[in-house]
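J.: Protein chains in written order, with the working numbering: chain A, 18 to 320; chain B, 18 to 320; chain C, 18 to 320; chain D, 18 to 320.
Think of the CB as a built atom: it goes at the ideal place given N, C-alpha and C, for glycine as much as any other residue.
Only a predicted model underlies this, so the values are computations on that prediction, with no experimental measurement involved.
1. Strictly by DSSP, which residues pair up with residue 205 of chain D?
2. Output yes or no for whether 8 Å exceeds the beta carbon distance between residue 287 of chain A and residue 156 of chain A.
3. Identify the contact partners of residue 177 of chain A in chain B, using a Cβ-Cβ distance below 8 Å as the criterion.
4. Could you give the residue range of the alpha helix (DSSP H) that holds residue 244 of chain B?
5. Can you find a CB in chain D that lies within less than 8 Å of the CB of residue 61 of chain B?
6. Could you check whether the Cβ of residue 70 of chain B sits closer than 8 Å to any Cβ belonging to chain A?
7. Answer with yes or no whether the minimum CB distance from residue 158 of chain A to chain B is below 8 Å.
8. List the endpoints of the continuous alpha helix (DSSP H) containing residue 148 of chain C.
9. State the CB to CB distance for the pair residue 50 of chain B and residue 237 of chain D, rounded to an integer number of angstroms; the pair is presumed to be in contact (CB under 8 Å).
10. From residue 79 of chain C to residue 108 of chain C, what does the alpha carbon distance come to, in whole angstroms?
11. Checking the sheet assignment: what are the DSSP bridge partners for residue 313 of chain C?
12. Check residue 176 of chain C in the structure and name its three-state DSSP category.
13. Would you give the residue range spanned by the beta strand (DSSP E) that residue 163 of chain C belongs to?
14. Kindly confirm or deny that the region 253-269 of chain C and the region 243-262 of chain D touch, where touching means at least three C-beta pairs closer than 8 Å.
15. Taking just the CA atoms, how far does residue 224 of chain D sit from residue 162 of chain D?
16. Within the chosen definition, does the region 81-94 of chain A reach the region 18-36 of chain A through at least 3 CB pairs nearer than 8 Å?
17. Note the first and the last residue of the continuous beta strand (DSSP E) segment covering residue 183 of chain A.
18. Could you round the C-beta distance between residue 200 of chain B and residue 282 of chain B to whole angstroms and report it? I think they count as a contact, below 8 Å.
19. When Cβ atoms are compared, which residues of the region 232-246 of chain C fall closer than 9 Å to chain D?
20. Identify whether residue 39 of chain B lies in helix, strand or coil by the three-state DSSP scheme.
21. Kindly indicate which residue of D/269, D/289, D/52 has the alpha-carbon position closest to the one of residue 171 of chain D.
22. Is it the case that the Cβ atoms of residue 187 of chain C and residue 203 of chain C are separated by a distance below 8 Å?
23. Over what stretch of residues does the alpha helix (DSSP H) that includes residue 280 of chain B continue unbroken?
24. Keeping to the same chain, check which residues put their C-beta closer than 6 Å to that of residue 20 of chain B; ignore five residues upstream and five downstream.
25. Since residue 86 of chain A meets chain B, which of its residues come closer than 8 Å, beta carbon to beta carbon?
26. Can you tell me whether residue 71 of chain D is buried or exposed? The criterion is at least 16 other CB atoms within 10 Å of its CB, across all chains shown.
27. Spatial neighbours of residue 147 of chain B within its chain, please: CB distance less than 6 Å, with the 5 preceding and 5 following residues excluded, ordered by chain position.
28. Name, please, each residue of chain A whose Cβ falls closer than 8 Å to the Cβ of residue 31 of chain C.
29. Among all the DSSP beta bridges, which residues are the ones paired with residue 260 of chain A?
30. Under 7 Å Cβ-Cβ, which residues of chain B neighbour residue 221 of chain A?
31. Looking at C-beta atoms only, is the number of pairs between the region 234-252 of chain D and the region 237-252 of chain C that lie closer than 8 Å three or more?
32. Between residue 128 of chain A and chain D, is there a C-beta pair that is closer than 8 Å?
33. Which same chain residues, not among the five before or five after residue 240 of chain D, have their C-beta less than 8 Å away from its C-beta?
34. Taking three-plus beta-carbon pairs below 8 Å as touching, is the region 269-277 of chain C in contact with the region 121-137 of chain B?
35. Shortest alpha-carbon distance to residue 313 of chain B belongs to which of B/291, B/306, B/297, B/251?
36. Under the DSSP definition of a beta bridge, which residues are partnered with residue 88 of chain C?
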């Protein structure tokens, strides 16, 4: 959700009419400690609600109203890309979890100020969340590779290249030895939601590496894996695998801040992530497949 | 390795003749940062050596000599149990990794001083490492369950009970719904090395839970898992799975400190972990299976 | 504030009528991030309010009503000591700040699980906050000394002794060389509010030590200090001095949890901190000085 | 110390002849844990030695030899500025301590990736260490002010301006109300060694701010301060004051990495910090005062 403020309550100080803002998605359970700290992304009871996903109306409407603690102000120069704050917030939480875990457990991190700089990072799945994760990593000068299964000449790999990332066509990897040609990665961010691939990527994780999964696979189909090899390597190489879902208000803020930085470093480039915009009356068109030239499709509700 | 000091070099200050001490197992690669910090347990090159395991002679001999930075002094009152410092160090590293990760990422931890107190913890595999992990958790007032597949009347479950742990007989769990009767756990420590079980235990992990694997499964047999369900839950519940291997000098120190505490809280109880002692000339006997009354078998080299 | 719940709103789940509970003191500014995270103790704008202190009515009344996020449930067995949760929360925040800072910056902490155990700690000022800080430290097996300027035979030093602390009579220290007889401390917790002493205590801080100040000195009288010596030692010994004020809801929870532990380890002892109780109609008596046999004076509002 | 490698031992892998490198200054005590972790900057016994400062010969000679763990390789493009690695390492440790403390204790930091970005930072004392601290802060996009008592047109303020810092002439501040015109700072880095100023700077620290002192004041002259005001604000505003001395090998590495980044962002600019170079035979000249056009004076030992 991204929009322009038309009115605010008497005590609101964060925004005023005319400003732009986004609202977060999840609303806390009201009882657990993380929710009491505005960190409903870590809700312990599972009794949260989510606007447009679970238990609460979504934002597909011209006007929305919500409480100030769920809002993040968006600078006017981000007017064209503010709608990306929500998918970006999911990437921001994943990145932040991965980095802070490593800051804690790697013995040499206490003397580090920019751990991501120069680190080998792999982003799997170059949809909006994956590409925004790559953007976040490139802003911090990581060495970023992006994995997908489309032609290198299409929009997603091209968008990645322009921020200095390297595209890896997964169709050309050896299924048994994927890292033979791509090396091992200090950080892996997954955003495909394909369970088999999610396990395969463990093959590409470096010693002491951290692998954060954001894709939510559907179904319950059985999977054949070399379980002993996966666990043996996880142990012998001190690896971390973690799941990351949703995002707190602060992660939205981190996303918005990164969008500003990205606008300075790669002017006009972020807006290219939005490949299609449709008026809400044409919502049918928005749900049609746009082929390999699609990254993010946006539905416009403004009058 | 545990022994009594017979002589020390001129500059050694840590111990003197007559003291007891243990030596750590791994020796650093000499090039990576963790090894330069005496954290060879996190060696980044894989070029470490290990006494008795990889590239260096072990300790099965009457006299050993090594450098001071690899030694940890052991108080005289631990004479009977000092040999447990090595397996305990593996549990200590696993515990310490798990706790520090959670201290970092759980939003309410910055206001916490004893996170383990009252937490639901599961230890899988009640060999020496598992039971010592349980001991470490009980010293910090965690609510500890221990999982194995032996009769509740045998020595391992009985040892666990006496420190206030609850025994779970894995043979009585429903394979499909293991947590139906045991609930979900905030912390899981695995010490079985059985790959299939290592994946199954993910079913017992609570929201925001941390699961640390220390068992190293052998072989490469294919495993059938419900991969989508595992990954979906990992993501939706913000779970962490991590591998932990070996231990640094500081983890040996942590183990030795815990042995002292345990001696105060449960006098004489730790020594019962050592169920069999054999003179080195009878090494054959040490390698025979001692049945369900065995926990730790020790080979004595002292004259 | 400590009381018994007589009624709750429809959506309240934390407590029900008959339960005991405390309310926190500070109410957030509504705009800064810490306040948005229920950490108004770290409010960045200074625009918070405090019940009974600043901008809001206090709790000196028979019935109070407030919102659930500001409440902490207190177990029935703490009925006699629940009123101590508030001063204890101030000590809990100070301890938690000090410990977490050291966990971050001391290189060997990543391998530690109970940093306070065995550490030399000094508590200055044995009023309720100081004695509760000492209690918190002793629960974690720290080596605790308490400094005050009363006779060792009076109630405060005696209370400290019974939990295993050592009393230091500040009147017997050399003003110029206070640490000559007491050694240097890894942790200092100050709760006197006397500015001159607050600076003097820096003399007693060990290498790499942390010193947390909670006492708020009044006035603006000029002070003569050996500034060069203080700063030189701060730098050369990597010391930390920090201020800590107020407490978040989570610190109240930490305090309540510690009260339960203390009840197990030193039964009935905590209640002795409350040396005088007065009915509210006798409030005059509560404000009279009770001499050296006073620790905490409580005003009773219950019918 | 900065030089070119002429020969290496048989097992050295870090550098080879022809490479450039620096050696660290301090050598550990051999007994405490930080020293065992190559963190002698945090030595707990005080029994360390320092090349050229305490107990060991310095580097004022044509050829030096030392052990690999004390060396950091320097890229050839840093040949002109490698000698700055040592003063920069002191700034790097100070910055890293300050940032990591805040990462731990500020409630919203767990969701942050670049805390320094946009933060108001003050560097006091624009000698080499101060200016390199400013460089490190500017590389991380902090809002940096630098305080000194020289004309704005001289080399030090000018150097600061060119990396985007703001110069504050301390002679124009009101001694009683220094922050009236400069505002409050989230981070203060001190590098003057003047005790009175070190205390005065506390006036400029923001709520929740961190202030790291690196300057070591000489003498024992008494100082008149408003002690109650300083401590009252420290407490009420949750401030941290910490000392930072020396630097570990990892901080040298951080410094060298930053020099590379600085070379990309402000080409040729760092070399301007070295305002004077003298052949070692002219060492007299090096010790003469060069006036306000001096920043760093270097003695050349190369043949």
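T.: If we stick to the structure as given:
1. As a working note, residue 205 of chain D is residue 188 in the fourth chain. DSSP output for residue 205 of chain D lists D/139, D/228 as bridge partner(s).
2. For the purposes of this step, residue 287 of chain A is taken as residue 270 along the first chain, with counting starting at 1. For the purposes of this step, residue 156 of chain A is taken as residue 139 along the first chain, with counting starting at 1. Contact flag unset, no.
3. Working through the first chain from its first residue, we reach residue 177 of chain A at position 160. Per Cβ cutoff of 8 Å: no residues; residue 177 of chain A is ~23 Å from chain B at best.
4. Taking the second chain and counting its residues from 1, one reaches residue 244 of chain B at position 227. 244-253 is the extent of the alpha helix (DSSP H) around residue 244 of chain B.
5. On the second chain, residue 61 of chain B is found 44 positions in, with the first residue counted as 1. Closer than 8 Å: no.
6. As a first step, residue 70 of chain B must be located in the second chain, where it is residue number 53. With 8 Å as the cut-off, residue 70 of chain B does not count as an interface residue toward chain A.
7. Taking the first chain and counting its residues from 1, the one referred to as residue 158 of chain A is at position 141. Chain B contact via Cβ: absent.
8. Counting from one through the third chain, the residue named residue 148 of chain C turns up at place 131. Run containing residue 148 of chain C: 145-156, per the alpha helix (DSSP H) assignment.
9. On the second chain, position 33 is the one that residue 50 of chain B refers to. On the fourth chain, position 220 is the one that residue 237 of chain D refers to. That pair is no contact at about 40 Å.
10. The residue you call residue 79 of chain C lines up with position 62 of the third chain. The residue you call residue 108 of chain C lines up with position 91 of the third chain. Looking at the backbone, the Cα of residue 79 of chain C and that of residue 108 of chain C are separated by about 27 Å.
11. The residue given as residue 313 of chain C occupies position 296 in the third chain. C/291, per the DSSP bridge assignment.
12. Along the third chain, read from residue 1 onward, the residue named residue 176 of chain C stands at position 159. In this structure, residue 176 of chain C counts as helix in the three-state DSSP scheme.
13. In the third chain, the residue the question calls residue 163 of chain C occupies position 146. Unbroken beta strand (DSSP E) run through residue 163 of chain C: 160-165.
14. The count of Cβ pairs closer than 8 Å, one atom from the region 253-269 of chain C and one from the region 243-262 of chain D, reaches three, so the stretches are in contact.
15. Along the fourth chain, read from residue 1 onward, the residue named residue 162 of chain D stands at position 145. Along the fourth chain, read from residue 1 onward, the residue named residue 224 of chain D stands at position 207. Distance between the alpha carbons of residue 162 of chain D and residue 224 of chain D is about 18 Å.
16. By the Cβ test, the region 81-94 of chain A is in contact with the region 18-36 of chain A, since at least three Cβ pairs between them sit closer than 8 Å.
17. For the purposes of this step, residue 183 of chain A is identified with residue 166 of the first chain, where counting begins at 1. For residue 183 of chain A, the enclosing beta strand (DSSP E) begins and ends at 183-186.
18. In the second chain, residue 200 of chain B corresponds to position 183, counting from 1. In the second chain, residue 282 of chain B corresponds to position 265, counting from 1. Not confirmed; about 26 Å, so no contact.
19. With the criterion set as a beta carbon lying under 9 Å from some beta carbon of chain D, the members of the region 232-246 of chain C are 232, 233, 234, 235, 236, 237, 238, 239, 240, 241, 242, 243, 244, 245, 246, in sequence order.
20. Counting from 1 along the second chain, the entry for residue 39 of chain B is found at position 22. Assigned with DSSP and collapsed to three states, residue 39 of chain B falls in strand.
21. Taking the first residue of the fourth chain as position 1, residue 171 of chain D is located at position 154. Ranking D/269, D/289, D/52 by Cα distance to residue 171 of chain D puts D/289 first.
22. Residue numbering aside, residue 187 of chain C sits at position 170 when the third chain is read from its first letter. Residue numbering aside, residue 203 of chain C sits at position 186 when the third chain is read from its first letter. It is not a contact, given that the beta carbons lie outside the stated cut-off.
23. Reading the second chain from its first residue, position 263 is the one you call residue 280 of chain B. Judged by DSSP secondary structure, residue 280 of chain B falls within the alpha helix (DSSP H) whose first and last residues are 266-282.
24. Translated into the one-based positions of the second chain, residue 20 of chain B becomes position 3. The same chain holds no residue with a CB closer than 6 Å to that of residue 20 of chain B once the five nearest residues on each side in sequence are set aside.
25. Stepping through the first chain from its first residue, residue 86 of chain A is reached at position 69. Result: empty, since nearest Cβ-Cβ is about 15 Å, beyond 8 Å.
26. Stepping through the fourth chain from its first residue, residue 71 of chain D is reached at position 54. It is exposed - the Cβ of residue 71 of chain D has fewer than 16 other Cβ atoms within 10 Å.
27. As a first step, residue 147 of chain B is located in the second chain; it is residue number 130 there, counting from the start. Excluding residues within five positions, the ones whose Cβ falls inside 6 Å are 140, 208.
28. Position 14 of the third chain holds residue 31 of chain C. For residue 31 of chain C, the C-beta contacts it makes with chain A under 8 Å involve 48, in order along the chain.
29. To locate residue 260 of chain A, count along the first chain from 1; it is residue 243. Per DSSP, the beta bridge partners of residue 260 of chain A are A/230.
30. Residue 221 of chain A sits at position 204 when you count from the first residue of the first chain. Per Cβ cutoff of 7 Å: no residues; residue 221 of chain A is ~16 Å from chain B at best.
31. Yes, since at least three Cβ pairs between the region 234-252 of chain D and the region 237-252 of chain C fall closer than 8 Å, the two stretches touch.
32. Indexing the first chain from 1 puts residue 128 of chain A at position 111. Chain D, which has a Cβ nearer than 8 Å to the Cβ of residue 128 of chain A, makes this yes.
33. Counting from 1 along the fourth chain, the entry for residue 240 of chain D is found at position 223. So the list reads 212, 213, 216, once near-sequence residues are dropped.
34. Short answer: they touch.
35. To locate residue 313 of chain B, count along the second chain from 1; it is residue 296. Ranking B/291, B/306, B/297, B/251 by Cα distance to residue 313 of chain B puts B/291 first.
36. Reading the third chain from its first residue, position 71 is the one you call residue 88 of chain C. Answer is C/40, bridged to residue 88 of chain C.
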